[in-house]
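Comments concern the structure below.
Protein chains: 2
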Amino acid sequence: MPKANDHSPSRRRFLQSSLQTTGAGAAALFAPGVVNGYTAQEVQSFYVDGEMQRNVSKWELDTPALCVDLDLLDANIDTMQTTLASNGIASRPHAKTHKTPIIAHKQLDTGSVGICAAKVSEAEVMFQNGINDILLTTTNVTPTKIRRAMNLRQACPGFIQTTDSPENARLLSEAAQALGIVADVVVDVDPGGNRTGITPGQPALALAQLVDQLPGLTLRGLLCYDGGSQHVMGFAARRDQTLGRLVAATETFDLFNSSGLSTEIFSGGGTGTYNIDHATRGLTDVQVGSYVFMDAQYIDIGGETDNEVYSDFAPSLTILTTVLNDQYAGRCTTDAGAKACTINQPWPRVKGETGMDYTSGSDEFGTLRYGNDASRTYKVGDKLELIVSHCDPVVNLYNQMYAIRNDRVEAVWPIAARGMSA
Amino acid sequence: MPKANDHSPSRRRFLQSSLQTTGAGAAALFAPGVVNGYTAQEVQSFYVDGEMQRNVSKWELDTPALCVDLDLLDANIDTMQTTLASNGIASRPHAKTHKTPIIAHKQLDTGSVGICAAKVSEAEVMFQNGINDILLTTTNVTPTKIRRAMNLRQACPGFIQTTDSPENARLLSEAAQALGIVADVVVDVDPGGNRTGITPGQPALALAQLVDQLPGLTLRGLLCYDGGSQHVMGFAARRDQTLGRLVAATETFDLFNSSGLSTEIFSGGGTGTYNIDHATRGLTDVQVGSYVFMDAQYIDIGGETDNEVYSDFAPSLTILTTVLNDQYAGRCTTDAGAKACTINQPWPRVKGETGMDYTSGSDEFGTLRYGNDASRTYKVGDKLELIVSHCDPVVNLYNQMYAIRNDRVEAVWPIAARGMSA
């Protein structure tokens, strides 16, 4: 695959100094009950010997603060890359989850074949921050968006555009020709959700043949993202559903092959099916996203070895929040509401605690309610660490995340593609 | 009240050129069924005579795009100011809704006595953009936040801080003294939600007396924000609930007065009760927020004259979205999902349409489903205009909003306090 010139004048590389190849890191342990929140007194005690004062402790951050634990993040990436490699497929992680170029670089530096982007503005930001191999998984339909995508392809030879209709393929062809380029294209095949993509089988084949024939376009294969199966509860049910739904995609893959069309890329899958997807014949790579952070929604689906907790990956992404009010029985109020946590459910969970429920239904305030078996209560000024409800939209609320190692702030990462929904 | 020096070197006034005093504007009409979405062909037709091409039409914007109709916005502000003036109370609008300094200036320029802010970072941004009178309605509890608030008070004499506990009042006093300032403070009284604030009656009185006595602090009055009543369905039920819940606040107001304490400020109320709150004896101003934009949540509560539709204010805030896929029966897929609309309910509504349901449960995609009585269907490339579900968290997703008049973009307004949740 052609590579973009890293020294292109159109590229801003202001983040490069922060980039490192990541090692295996600490083991990816998710052990509920081990890490508690901290009382204000405990946080003070971290500074008694003066050592913490030489750095910024995460417990000193103004809250709400979005934090990612670097050891857990690196371990999650390592687990994914190791598992996929042993299963003979690759990762093409989705940047829609993290929107953070530094994390995209970590993924590419550890073996990912490229990244995915959901919107052209997201892809543009990734390219501006040094990412060369980008699969845009959404079909662009307006003249402006098509022009933007083809302009990006002109600057970034590793850019691949998705299409899902003959009309759209013709518009892509015209736009590519107008720029004098030959653009890489994959066909989006509907896994049965009827949300995006073209119907598998003959409709998809006809579209691929059209792309293959149109001037200015090069067919690279197909994608079939089975989003509807990622959160099916229970490993066996999830496996059965997604393998069943991908059968038509594999049949389409076979049709492409028997017609002499490229199937170099057959992309699909996600964090919920990463250790299932290699059983779909022909699939080359998975568009995994949430595995880097994890969240309450994924924890609850259960894994292959643990039917209760999906513990393959550790919850590396947390929100720090402060107790603002403790005057009323059985509850306290925090500073992390819907604008800090979203209202996705299951609600955020207080890391390490049991017997208490957190809700973020109010825009500005969170509420912690104690059950009868709460391990302890919290007071004004105490800090809580929340496992997020659903990582993608939570990340999209913040301008930056704090990169934490051993409770200290190691870096502040711009979430450069935050809000890039167009 | 002391005024901040508009020429303070600490203030950035880069937005000033965009600021105008607003007139009465067009009548605030909310007429469902009048304005439809537009098909791609219709949008093209806007440009036949060339006139639209000399400006940027909102229909040309890349989507999703957040838009505010200026005539409707100005009319909403006018309705609020006129009604409150005739009822003998003032507005102190909440910036948590719009997070946009230009809108705060419009409110102040038309008679608001100040603005409210929910977080110290939000208040800082407002001050940096020329806003001088700011009531911070949240109690700050950490040393960092208290220091930030008192630093802001030092630069901005019109800044007022809320407190809700004796411990917190003492910390405020210490911080103010450390800076050599005397800070204005109001006591937050709990309306019964047990979320924030101190219990009305003797606990609130004791706190007010403490504030009055502590060095470095000046008591200015109290606030009692009855957020839990704003969305009660039906005008009569809403009126009865909020007037009942505010009785204890008025009794506290009386206690302050009989003890010789300041009640210059007795702030409460919101968009749902703006024409009820003057019946709470002593109340000086309402912390209205959503009235500038409106949303599906407020439309559904019903008004004094129309029990079905809360039509006092017009839905000025909309999201433009584009149809991406129309290949499957009874539905189409758009580019505005949870990251553009939130997942608040009721779901966004297609402006002017009936017989179709929009959902934004997917992070990246919206879904429009047609019922049997849909007035028409939409095709790939068509544009829809959505009335937002819940304006506050929706605004918090966008870096900018397009200020629209007669379907043309008149300005692009930075949502300068977006993401300021700390």
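Residue numbers (this note's numbering), protein chains in the order written: chain A, 21 to 442; chain B, 21 to 442.
Yeah, the Cβ is synthetic: ideal placement off N, Cα and C, and Gly gets one too.
Taking 8 angstroms as the CB-CB cut-off, is Asn419 of chain B touching chain A? In the second sequence, counting from the first residue as 1, residue 419 of chain B sits at position 399. Answer yes: the Cβ-Cβ gap between Asn419 of chain B and chain A drops below 8 angstroms somewhere.
DSSP bridge partner residues for Thr354 of chain A (one or two, in chain order): For the purposes of this step, residue 354 of chain A is taken as residue 334 along the first sequence, with counting starting at 1. Residue pairing from DSSP places Thr354 of chain A in a beta bridge opposite A:Val343, A:Gly386.
Locate the alpha helix (DSSP H) running through Ile122 of chain B, then write down its first and last residues. Taking the second sequence and counting its residues from 1, one reaches residue 122 of chain B at position 102. DSSP places Ile122 of chain B in the uninterrupted alpha helix (DSSP H) bounded by 121-129.
Between which two residues does the beta strand (DSSP E) containing Leu404 of chain A stretch? Your numbering for residue 404 of chain A matches position 384 in the first sequence. Leu404 of chain A -> beta strand (DSSP E) spans 403-407.
Quick check: the stretch 410-428 of chain A against the stretch 81-101 of chain A, are there 3 or more CB pairs under 8 angstroms? Three or more Cβ pairs drawn from the stretch 410-428 of chain A and the stretch 81-101 of chain A lie within less than 8 angstroms of each other, which places the two stretches in contact.
Which value, in whole angstroms, describes the spacing of the CA atoms of His251 of chain B and Cys176 of chain A? Here residue 251 of chain B is taken as the residue at index 231 of the second sequence, counted from 1. Here residue 176 of chain A is taken as the residue at index 156 of the first sequence, counted from 1. For the pair His251 of chain B and Cys176 of chain A, the Cα-to-Cα distance works out to about 50 angstroms.
Reduced DSSP category for Met440 of chain A - H, G, I as helix; E, B as strand; rest coil: In the first sequence, the residue the question calls residue 440 of chain A occupies position 420. In the displayed model, Met440 of chain A falls within coil according to three-state DSSP, outside both helix and strand.
Do Ala437 of chain B and Val76 of chain B have their CB atoms nearer than 8 angstroms? On the second sequence, position 417 is the one that residue 437 of chain B refers to. On the second sequence, position 56 is the one that residue 76 of chain B refers to. Result no, Cβ atoms of Ala437 of chain B and Val76 of chain B do not sit closer than 8 angstroms.
So, are the CB atoms of Ile180 of chain A and Leu156 of chain A less than 8 angstroms apart? On the first sequence, residue 180 of chain A is found 160 positions in, with the first residue counted as 1. On the first sequence, residue 156 of chain A is found 136 positions in, with the first residue counted as 1. If you check the CB distance, Ile180 of chain A and Leu156 of chain A come in under 8 angstroms.
Reducing DSSP to helix, strand and coil, say where Tyr311 of chain B ends up. Taking the first residue of the second sequence as 1, we reach residue 311 of chain B at position 291. Reduced to three states, the DSSP call for Tyr311 of chain B is helix.
Between Phe385 of chain A and Arg215 of chain B, is the Cβ-Cβ spacing less than 8 angstroms? Against the first sequence, residue 385 of chain A aligns to sequence position 365. Against the second sequence, residue 215 of chain B aligns to sequence position 195. Taking 8 angstroms as the cut-off, the Cβ atoms of Phe385 of chain A and Arg215 of chain B count as close.
Segment limits, alpha helix (DSSP H) that includes Gly213 of chain B: As a working note, residue 213 of chain B is residue 193 in the second sequence. Run containing Gly213 of chain B: none; DSSP gives neither H nor E here.
Cβ-based neighbour list, Thr397 of chain B, same chain, cut-off 7 angstroms, excluding 5 preceding and 5 following: Reading the second sequence from its first residue, position 377 is the one you call residue 397 of chain B. The beta carbon of Thr397 of chain B sits closer than 7 angstroms to the beta carbons of Tyr390 from its chain, once the five residues preceding and following it are set aside; these are given in chain order.
Beta-carbon separation of Leu417 of chain A and Ala349 of chain A under 8 angstroms? Translated into positions along the first sequence, residue 417 of chain A becomes position 397. Translated into positions along the first sequence, residue 349 of chain A becomes position 329. Contact check for Leu417 of chain A against Ala349 of chain A fails: the beta carbons are separated by 8 angstroms or more.
Following a CB-centred definition, is Val306 of chain B positioned closer than 7 angstroms to any heavy atom of the ligand NAP? In the structure on display, the ligand NAP does not appear, and there are no ligands present to speak of.
Exposed or buried, what is Val415 of chain A when buried is set at 16 or more other beta-carbons lying within 10 Å of its beta-carbon? Within the first sequence, residue 415 of chain A is the residue found at index 395, counting from 1. By the 10 Å Cβ count, Val415 of chain A comes out buried.
Residues of chain B with CB closer than 7 angstroms to the CB of Gly439 of chain A, please, in chain order. In the first sequence, residue 439 of chain A corresponds to position 419, counting from 1. The answer, in chain order, is Leu417, Tyr418, Asn419.
Pair within 8 angstroms by beta-carbon distance, Met440 of chain A and Lys126 of chain A: Stepping through the first sequence from its first residue, residue 440 of chain A is reached at position 420. Stepping through the first sequence from its first residue, residue 126 of chain A is reached at position 106. In this structure, Lys126 of chain A does not lie closer than 8 angstroms to Met440 of chain A by Cβ.
Quick one: any contact between the stretch 337-344 of chain A and the stretch 96-107 of chain A, if contact means 3 or more CB pairs under 8 angstroms? With a cut-off of 8 angstroms, the stretch 96-107 of chain A and the stretch 337-344 of chain A do not count as touching, because too few Cβ pairs lie within range.
Roughly how far, in whole angstroms, is the beta-carbon of Val306 of chain A from the beta-carbon of Gly290 of chain A, given that I think they are within contact range, below 8 angstroms? By one-based count along the first sequence, residue 306 of chain A stands at place 286. By one-based count along the first sequence, residue 290 of chain A stands at place 270. That belief holds up - the Cβ atoms of Val306 of chain A and Gly290 of chain A are roughly 7 angstroms apart, short of 8 angstroms.
Please name the residues in the stretch 171-186 of chain A whose beta-carbon is closer than 9 angstroms to at least one beta-carbon of chain B, in chain order. Interface annotation for the stretch 171-186 of chain A against chain B: Asp184, Ser185, criterion Cβ-Cβ distance under 9 angstroms.
Where the beta strand (DSSP E) containing Arg425 of chain B begins and where it ends: One-based indexing of the second sequence puts residue 425 of chain B at position 405. Where Arg425 of chain B is concerned, the enclosing beta strand (DSSP E) stretches over 420-425.
Tell me the rounded alpha-carbon separation between Asp326 of chain A and Ala316 of chain A. Along the first sequence, read from residue 1 onward, the residue named residue 326 of chain A stands at position 306. Along the first sequence, read from residue 1 onward, the residue named residue 316 of chain A stands at position 296. In a straight line, the C-alpha of Asp326 of chain A is about 15 angstroms away from that of Ala316 of chain A.
Three-state secondary structure (DSSP) of Asn25 of chain B: In the second sequence, residue 25 of chain B corresponds to position 5, counting from 1. Residue confidence for Asn25 of chain B is low, a pLDDT of 38 falling below 50, so the modelled location carries little weight; the figure read from the coordinates is stated next. Correct three-state label for Asn25 of chain B: coil.
Chain-ordered chain E contacts of Arg351 of chain A [CB-CB under 8 angstroms]: Absent here is chain E; the protein component of the structure consists of chains A and B.
Other residues of its chain near Pro186 of chain B: CB distance less than 8 angstroms, five sequence neighbours each side excluded: In the second sequence, counting from the first residue as 1, residue 186 of chain B sits at position 166. Ala226, Leu227, Leu230.
For Ser336 of chain B, count neighbouring C-beta atoms within 10 Å of its own C-beta (all shown protein chains included) and say buried if the count is 16 or more, exposed if not. Position 316 of the second sequence, counting from 1, holds the residue named residue 336 of chain B. When all chains shown are included, Ser336 of chain B counts as buried.
Between the beta-carbon of Thr262 of chain B and the beta-carbon of Asp274 of chain B, is there less than 8 angstroms? One-based indexing of the second sequence puts residue 262 of chain B at position 242. One-based indexing of the second sequence puts residue 274 of chain B at position 254. Against a cut-off of 8 angstroms, the Cβ pair of Asp274 of chain B and Thr262 of chain B comes out as no contact.
Would you decide whether Pro121 of chain B is buried or exposed? Buried here means 16 or more other CB atoms lie within 10 Å of its CB. Along the second sequence, read from residue 1 onward, the residue named residue 121 of chain B stands at position 101. Per the 10 Å Cβ criterion, buried.
Below 8 angstroms CB to CB, which residues in the same chain sit around Val68 of chain B once its five sequence neighbours on both sides are set aside? Position 48 of the second sequence, counted from the first residue, corresponds to residue 68 of chain B. Unreliable positioning characterises Val68 of chain B in this predicted model, as indicated by a pLDDT of 49, which lies under 50. A coordinate reading is not provided.
Using a Cβ cut-off of 8 angstroms (strictly closer), state whether Tyr330 of chain A contacts chain B. Along the first sequence, one-based indexing puts residue 330 of chain A at 310. Tyr330 of chain A does not count as touching chain B.
Would you mind reading off the limits of the beta strand (DSSP E) that contains Val76 of chain B? By 1-based counting over the second sequence, the position of residue 76 of chain B is 56. In the DSSP assignment, Val76 of chain B falls outside any beta strand (DSSP E), carrying neither H nor E.
Chain-ordered chain A contacts of Leu344 of chain B [CB-CB under 8 angstroms]: If you number the second sequence from 1, residue 344 of chain B lands on position 324. By Cβ distance, chain A contributes Thr158, Thr159, Val161, Thr216.
When you compare each of A:Phe276, A:Arg369, A:Ser382 to Phe286 of chain A by their alpha carbons, which one comes out closest? For the purposes of this step, residue 286 of chain A is taken as the residue at position 266 of the first sequence. Nearest C-alpha to Phe286 of chain A: A:Phe276.
Give every residue of the same chain whose Cβ lies closer than 7 angstroms to the Cβ of Val161 of chain B, excluding the five residues on either side of it in the sequence, and list them in chain order. Taking the first residue of the second sequence as 1, we reach residue 161 of chain B at position 141. Around Val161 of chain B: Asn188.
By DSSP, does Gly241 of chain A sit in helix, in strand, or in coil? Working through the first sequence from its first residue, we reach residue 241 of chain A at position 221. Correct three-state label for Gly241 of chain A: strand.
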